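In our numbering, each residue carries its 1-based index in the sequence shown increased by 14. For each residue, glycine too, the CB sits at the ideal point set by N, CA and C. Model, not experiment: these values are computed from the prediction. Working notes for the structure below.
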Amino acid sequence: MKHILGSACQNLHWRGQRVFPFALRGQRTLTSSFTDDHVAVLTTGEHQPPIAMNCQRLKDLVEDARSRPTRRHQKFGLSKSAKGYQYRSTLRGWSTIVAAAACRRDREKGRQSNIDMHHLLDLVLEQGGLCAYSGIPMELLKPNSHWRASIERIDTNQGYRRGNCCLIAAEFNSAVHNASHEAGTSSGSAQWSKQKVGEVARIRTEDMPPQLLQEAIAVAKLRPGSGGKPAFAGDRGPDAERKWRCTRCELWKHEEQFYKQASRINVVKPLAWCKQCYLDSQSIRRKTLRGHGMHLLSVARHRAAAKAAAWHGTFKLDWDDLLQMLWLQGGRCYYSGVPLCCAAGPADWVWSIERLDNSVTYTRENCVLIAQEFQTSDYSRNSAKYPVFGTAQWSRSKASHIWGPYVLKNTVN
Numbered sequence: 015m016k017h018i019l020g021s022a023c024q025n026l027h028w029r030g031q032r033v034f035p036f037a038l039r040g041q042r043t044l045t046s047s048f049t050d051d052h053v054a055v056l057t058t059g060e061h062q063p064p065i066a067m068n069c070q071r072l073k074d075l076v077e078d079a080r081s082r083p084t085r086r087h088q089k090f091g092l093s094k095s096a097k098g099y100q101y102r103s104t105l106r107g108w109s110t111i112v113a114a115a116a117c118r119r120d121r122e123k124g125r126q127s128n129i130d131m132h133h134l135l136d137l138v139l140e141q142g143g144l145c146a147y148s149g150i151p152m153e154l155l156k157p158n159s160h161w162r163a164s165i166e167r168i169d170t171n172q173g174y175r176r177g178n179c180c181l182i183a184a185e186f187n188s189a190v191h192n193a194s195h196e197a198g199t200s201s202g203s204a205q206w207s208k209q210k211v212g213e214v215a216r217i218r219t220e221d222m223p224p225q226l227l228q229e230a231i232a233v234a235k236l237r238p239g240s241g242g243k244p245a246f247a248g249d250r251g252p253d254a255e256r257k258w259r260c261t262r263c264e265l266w267k268h269e270e271q272f273y274k275q276a277s278r279i280n281v282v283k284p285l286a287w288c289k290q291c292y293l294d295s296q297s298i299r300r301k302t303l304r305g306h307g308m309h310l311l312s313v314a315r316h317r318a319a320a321k322a323a324a325w326h327g328t329f330k331l332d333w334d335d336l337l338q339m340l341w342l343q344g345g346r347c348y349y350s351g352v353p354l355c356c357a358a359g360p361a362d363w364v365w366s367i368e369r370l371d372n373s374v375t376y377t378r379e380n381c382v383l384i385a386q387e388f389q390t391s392d393y394s395r396n397s398a399k400y401p402v403f404g405t406a407q408w409s410r411s412k413a414s415h416i417w418g419p420y421v422l423k424n425t426v427n
């Protein structure tokens, strides 16, 4: 894994670097105080990465995390949840919880794993507390924060095994929407890699001719026709074996090989196309801007309905809104400026709908288009009991910290 991580401790240079007087052996808590009502922690500027630690300070911190705490280091008079927050705010607590959760996910998925808290602490030292992909300092102590340390499987076809794991900032821990990429790489998926992080600065300077974008949007506005194919006039069934005929491939198949639909007279019958033909047609359709965009809208509409009680506002987003966003953003990711792939993958930088405020539903004012690589989860903003210092959600400010500022050029003349 050294070819991925590099010699981190030799490159602990970050803008504004200084050393905090962290408590070491004999002082388990690295924050000033814990109460049920308030947790005081060290903070940095909004969206800015934490301050990098020098190697010796990091080694002392890891050594302290490996030692089992004694009763005299424990805080009394706290509720169970406050003690849990206190524990998660230590390097020992973070490494123990993350390792246990990773092994549990592997068991649920039927994968093999062999990591533990000591291996995660080894990675902290090996990487110098820096993100393996971007090289920025990670937040090791504060829960619910920007740039929080997260465990990553380099090859998503394997489990959390030694040699297949590294530590990255949670902002780079995106969901892998397509796992068909070459083992050990992130090509053709939403997964980040050290190489992909390095490519952003280059590809966002690539030219995006407004005329080509305008033509693509004009085509996407047109509703596709039937292609002149006559309606199927043969017998659909069922036959004596209770098989039905697919009107697309014209093969006779068992009823369970068709999706069901309710007719106008409340009779449930198979769809005209079999499941395989239906899925094939959807796959082809999602390779187009219109087809994949309509799919994104459908997913957003279903999510909004499921989260209606938790999200504020009323769903107000349609196809014209999506195309307008695409045009105003110049076909680029709102956060980073990378050109978007407006079709289903496998591909890098596939477009996705992002809500700027996660407490509000999908509306034109609250939504932008981003690459799937930048769509990370926010599990804390609306549900955390204790202070939220940040989330893994991206912003233009965060992208600017990694790749420098980028101004999206408006394509409107």
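In this structure, the straight-line span from the alpha carbon of residue 161 to that of residue 135 is close to 17 Å.
Of all alpha-carbon atoms in 385, 308, 156, the one lying nearest the alpha-carbon of residue 206 is that of 385. Excluding the 5 residues flanking it on each side, residue 213 has no same chain C-beta neighbour closer than 6 Å. In this structure, residue 141 keeps its C-beta atom at 9 Å or more from the C-beta atom of residue 172.
Here residue 267 is bridged, per DSSP, to 258.
Taking each of 265, 284, 263 in turn and checking the Cα distance to residue 273, the smallest one comes out for 284.
Between residue 388 and residue 420, the C-beta gap is not smaller than 9 Å, which leaves the two residues out of contact.
The beta carbons of residue 259 and residue 249 sit about 7 Å from each other, so the pair counts as a contact at 8 Å.
Out of 371, 296, 310, the CA that lies nearest to the CA of residue 327 is found in 371. Judged by DSSP secondary structure, residue 229 falls within the alpha helix (DSSP H) whose first and last residues are 224-234.
The straight-line gap separating the alpha-carbon atoms of residue 211 and residue 226 is approximately 27 Å. From the listed residues 152, 170, 340, 102, the smallest Cα separation to residue 224 is found for 340.
The three-state reading of DSSP puts residue 217 in helix, counting H, G and I together. Counting the other CB atoms within 10 Å of its CB gives residue 153 a total of 16 or more, which places it among the buried residues. Following the DSSP letters along the chain, one finds residue 140 inside the alpha helix (DSSP H) bounded by residues 131-140. Here residue 367 has 310, 314, 381 as same chain residues with Cβ atoms under 6 Å from its own Cβ, once five neighbours each way along the sequence are excluded. Leaving aside the five residues that flank residue 145 on each side, the residues in its chain whose CB is nearer than 6 Å to its CB run, in chain order, 152, 182, 183. Taking a contact as a CB-CB distance under 8 Å, the pair residue 331 and residue 234 does not count as one, their CB atoms being some 16 Å apart. Scanning its chain for C-beta atoms nearer than 7 Å, with the 5 sequence neighbours on each side dropped, one finds around residue 369 the residues 376, 380, 381, in chain order. For residue 183, the uninterrupted beta strand (DSSP E) segment begins and ends at 179-183. At the C-beta level, residue 157 and residue 103 come within 9 Å of one another.
Considered as a whole, the segment 313-375 harbours 333-342 as its complete alpha helix (DSSP H) runs of no fewer than 4 residues, in chain order. When DSSP states are grouped into helix, strand and coil, residue 275 belongs to the strand group. Assigned with DSSP and collapsed to three states, residue 162 falls in strand. For residue 145, no alpha helix (DSSP H) segment is defined, and its DSSP state is neither H nor E.
In the three-state scheme derived from DSSP, where H, G and I count as helix and E and B as strand, residue 92 is classed as coil. Under the three-state reduction of DSSP, residue 379 is assigned to coil, being neither helix nor strand. Here the alpha carbon of residue 300 sits roughly 19 Å from the alpha carbon of residue 347. About 6 Å separates the CB atoms of residue 374 and residue 325; that is less than 8 Å, so the two are in contact. For residue 413, same chain residues with a beta-carbon under 6 Å away, outside a window of 5 residues either side, are 349, 350 in chain order. Taking a C-beta distance under 9 Å as the contact criterion, residue 296 and residue 271 do not qualify as a contact pair.
By a beta-carbon distance limit of 8 Å, residue 165 contacts residue 116. Their separation comes to about 6 Å. In the DSSP assignment, residue 77 falls within the alpha helix (DSSP H) that extends over 69-80. Less than 9 Å separates the beta-carbon of residue 305 from that of residue 358.
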